[in-house]
Amino acid sequence: MTNHDLANLIFPNITKTMEDYEKEYPARNLKENACVTRFAPSPTGFVHIGNFQAALIDFVMAKKSGGVFYLRNEDTDKSREVDQAVEIIMQVLRYYGMEPDEYEYDGKVIGNYGPYIQSERKEIYHAGIKHLIEIGRAYPCFCEKEHLDQMRENQEKNKMRTGYYGRYATCRNMSVEEAIEKIKAGIPYVIRFRSNGNFDDRFWFDDLVRGKLYLNQNDQDIVIMKSDNLLPTYHFAHIIDDHFMHTTHVVRGEEWLPSVAVHIELFEAMGWTPPKYIHTPLILKQDGEIKRKISKRKDPEALMSYYMEKGYPVEAVIEALMTIINSNYEEWHTANPDKSFLDFDFQAKKMSSSGGALFDLEKLNNISKNIISKMDKETLYQNAYEWSKTYSDVLKNLIEQDPEYFKQIINIEREQKKPRKDYETYASIPNEICYMYDDLFEKMDTYDFQKITDKNEIATILKTYIEDYYDEQDDKDTWFQKIKELTTKLGYCADMKAYKENPEAYKGSVADISTVIRVALTTRSMTPDLYELLRLLGKERIEKRFKKFY
RNA sequence: GACUCGUUGGUGAAGUGGUUUAACACGCUGCCCUCUCAAGGCAGUAUUCACGGGUUCGAAACCCGUACGAGUUACCA
Numbered sequence: 402m403t404n405h406d407l408a409n410l411i412f413p414n415i416t417k418t419m420e421d422y423e424k425e426y427p428a429r430n431l432k433e434n435a436c437v438t439r440f441a442p443s444p445t446g447f448v449h450i451g452n453f454q455a456a457l458i459d460f461v462m463a464k465k466s467g468g469v470f471y472l473r474n475e476d477t478d479k480s481r482e483v484d485q486a487v488e489i490i491m492q493v494l495r496y497y498g499m500e501p502d503e504y505e506y507d508g509k510v511i512g513n514y515g516p517y518i519q520s521e522r523k524e525i526y527h528a529g530i531k532h533l534i535e536i537g538r539a540y541p542c543f544c545e546k547e548h549l550d551q552m553r554e555n556q557e558k559n560k561m562r563t564g565y566y567g568r569y570a571t572c573r574n575m576s577v578e579e580a581i582e583k584i585k586a587g588i589p590y591v592i593r594f595r596s597n598g599n600f601d602d603r604f605w606f607d608d609l610v611r612g613k614l615y616l617n618q619n620d621q622d623i624v625i626m627k628s629d630n631l632l633p634t635y636h637f638a639h640i641i642d643d644h645f646m647h648t649t650h651v652v653r654g655e656e657w658l659p660s661v662a663v664h665i666e667l668f669e670a671m672g673w674t675p676p677k678y679i680h681t682p683l684i685l686k687q688d689g690e691i692k693r694k695i696s697k698r699k700d701p702e703a704l705m706s707y708y709m710e711k712g713y714p715v716e717a718v719i720e721a722l723m724t725i726i727n728s729n730y731e732e733w734h735t736a737n738p739d740k741s742f743l744d745f746d747f748q749a750k751k752m753s754s755s756g757g758a759l760f761d762l763e764k765l766n767n768i769s770k771n772i773i774s775k776m777d778k779e780t781l782y783q784n785a786y787e788w789s790k791t792y793s794d795v796l797k798n799l800i801e802q803d804p805e806y807f808k809q810i811i812n813i814e815r816e817q818k819k820p821r822k823d824y825e826t827y828a829s830i831p832n833e834i835c836y837m838y839d840d841l842f843e844k845m846d847t848y849d850f851q852k853i854t855d856k857n858e859i860a861t862i863l864k865t866y867i868e869d870y871y872d873e874q875d876d877k878d879t880w881f882q883k884i885k886e887l888t889t890k891l892g893y894c895a896d897m898k899a900y901k902e903n904p905e906a907y908k909g910s911v912a913d914i915s916t917v918i919r920v921a922l923t924t925r926s927m928t929p930d931l932y933e934l935l936r937l938l939g940k941e942r943i944e945k946r947f948k949k950f951y
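In the numbering used here, the protein residues as written are 402 to 951.
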């Protein structure tokens, strides 16, 4: 009995060899330094911001180098899989303009290196495992969970490293005969890798972010194939897939760093060259005193759906993430406002390798405000409208009842050198402009009058203004002149400088008069330019709103 | 517990032995401008790079300890 017999017993139907697959998946025909990268999420139904960030790096590297960015569905853990998960992932990628070059979705396989769904790649994995068994680098393990748990407990108690290695790897020394016997008897088993490493020996590993790392060799006989569904574990799928799909750069979170020794040894055992690795810092979250890994359970902002639902512009999210990735991105982008993030000279080495970055929502908000403020009204209108179709009926209705009117509102103090920054997200638009819509305005009943609160005085101001001073034909200067005339007539101070120097000498100032008009019109004391609002509202509606006060 | 990676202001960070009296951006504070708010302008916001030693003419940068943080330690990825 030989390893060959064992391999054939376990995988009787696997006839293809590694050489066959090498032929089936030949090297890609790309120019010399082209990067082949992949986004390889597990289909949990969410796209985590950390994974998305990795995908962004993948995308940038592939596109900049004229390479390939592909999507691979890592569904080897069937218990975590969720319906529609791939659809959600594709939606997110498309929303952010990161269409993969190769993928398998909706029954279509795009690309020559598929299947791109791991559960459909069983045969390839099995062929790989069969190969490892034949060369003596993998073996069946019949240890039960209870035994393993017990073992780990003992190891911990004795302050040993935990795991299946060295003398703890009991099944590693089982004879082929015995293994065959057990398999024939129907005893469940996993396949483990037979490590040749020595934990006390070290080796250099070159991470593109951190540089050279001095790591201990792997000596763990890790599980490479699970017992229940015969699918590989992540570690083995990674080796097979990234080899045959010819991935050149693997971008993943630093939580994978402790596994690289395993991966390197696995690649060696297969006789292959490992890809380059980029281990990105984790995205952390400030939680009271401590920083912790951002989690989808506790932190809504951990998921990309959050940014989509809130209506952050695509560019804003990309910019915020790029800024974390390479902090010189922002400077570069302000210097090159018309360039796309794909023109940016991304460098893995420039990524911070420090413990992890806090994703700063305030910074995102600032970026978002700036980006929205720089859109012309047509662009904002298009973006907001598109967004509202899936995420906001309120906004959609406002836009649809009169698109032109909507554009005029959002165009107040826009399309100029220093545009207003009122809108943080698309979702924030309705609240900023609701008073410009009569039906919504009717529902607003808390008037934020500031200094002048006397009802009679308010009535006098409004009535006098609309009857004696307001003229729709006035240009802005004339309009403000008249406001000043009104101010003087009612005994207030029209000159702010004079007023500030001696506020006691007056009933109030032109600011107070303007505020009364503004609040009566909008209920709010803080709004964009009053002149523009008046023009858009028109005399009839102004009068109607004023009349509530007299 | 063991192993790994880290530690520069409130935040993201620049910085790899001497034009750094620590860049830039966000935030915060004050002033100016101003019909409000926002924007904008100006100024301030780490005498110091977790701590303790060392190397050096010179260190945030190199070395050694300590402390702290995070990650891993699954038939999850």
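Glycine included, C-beta positions come from ideal geometry on N, C-alpha and C.
When V795, S793, M776 and T826 are compared, the shortest CA-CA separation from Q817 is found for M776.
T681: member of the beta strand (DSSP E) spanning K677 to T681, first to last residue. In this chain, I511 is not harboured by any alpha helix (DSSP H); it is covered by the beta strand (DSSP E) spanning K509 to I511. The shortest C-alpha to C-alpha distance from A749 to any of D459, V663, D913 and E805 is the one to D459. About 5 Å separates the beta carbons of T438 and A463, which is inside the 8 Å limit, making them a contact pair.
Y730 has its alpha-carbon roughly 48 Å from the corresponding atom of P904. Here Y506 has L472, V487, E488 and M491 as same chain residues with Cβ atoms under 8 Å from its own Cβ, once five neighbours each way along the sequence are excluded.
Within the same chain, E720 come within 7 Å of H734 by CB-CB distance, once the 5 residues on both sides are set aside. Counting only runs of 4 or more residues that sit fully inside the segment 557–596, the alpha helix (DSSP H) segments are 577–585, in chain order. A distance below 6 Å between beta-carbons, with the five flanking residues on each side excluded, links W673 to the following residues of its chain, in chain order: H644. Per DSSP, K613 is not a residue of any alpha helix (DSSP H); the beta strand (DSSP E) it occupies stretches across G612 to N617. In the structure shown, S753 falls within a coil segment according to DSSP collapsed to helix, strand and coil. Residue nearest to D502 within the set H527, L934, V469 and I811 is V469 (criterion: CA-CA distance). H664 sits close to H636, with the two beta carbons spaced by under 9 Å. Judged by DSSP in its simplified three-state form, V469 adopts strand.
An exposed status is given to D739, since fewer than 16 other beta-carbon atoms sit within 10 Å of its beta-carbon. The Cβ atoms of L431 and I584 lie no closer than 9 Å to each other. Contact annotation: I725 and F747 have beta-carbon atoms that are not nearer than 9 Å. By the Cβ criterion, the segment 621–628 is not in contact with the segment 602–609, since fewer than three pairs of Cβ atoms, one from each stretch, lie closer than 8 Å. Taking all protein chains shown into account, E787 has fewer than 16 neighbouring C-beta atoms within 10 Å of its C-beta and is therefore exposed. Within the DSSP secondary-structure output, C894 pairs in a beta bridge with S910. The beta strand (DSSP E) runs of length 3 or more contained entirely in the segment 790–865 do not exist; there are none.
Take the alpha-carbon of P714 and the one of E475: they are about 29 Å apart. With respect to G892, K877 sits apart: the two C-beta atoms are not nearer than 9 Å. The criterion of a C-beta distance shorter than 9 Å is not satisfied by P804 and S753.
Distance between F850 and R946, taken at the CA atoms: about 15 Å. In the structure shown, the three-state DSSP call for P701 is helix.
Counted as a single uninterrupted DSSP element, the alpha helix (DSSP H) harbouring D642 occupies residues Y635 to F645. When the five nearest sequence neighbours on each side are left out, the beta carbons in the same chain lying within less than 8 Å of the beta carbon of S628 are those of P589, Y590 and V591, in order along the chain. Sorting A570, G654 and I450 by C-alpha distance to the C-alpha of Y540 places A570 at the top. Less than 9 Å divides the Cβ of L922 from the Cβ of Y836. Rounded to whole angstroms, the Cβ separation of V795 and P820 is 24 Å, and the two are not in contact under 8 Å. In summary, T649 is buried, with 16 or more beta-carbon neighbours lying within 10 Å of its beta-carbon over all protein chains present. A539 has F594 as its beta-bridge partners, per DSSP.
With fewer than three CB-CB distances shorter than 8 Å, the segment 841–848 does not count as touching the segment 927–937.
Scanning its chain for C-beta atoms nearer than 7 Å, with the 5 sequence neighbours on each side dropped, one finds around K778 the residues K808, I811, N812, R815 and E816, in chain order.
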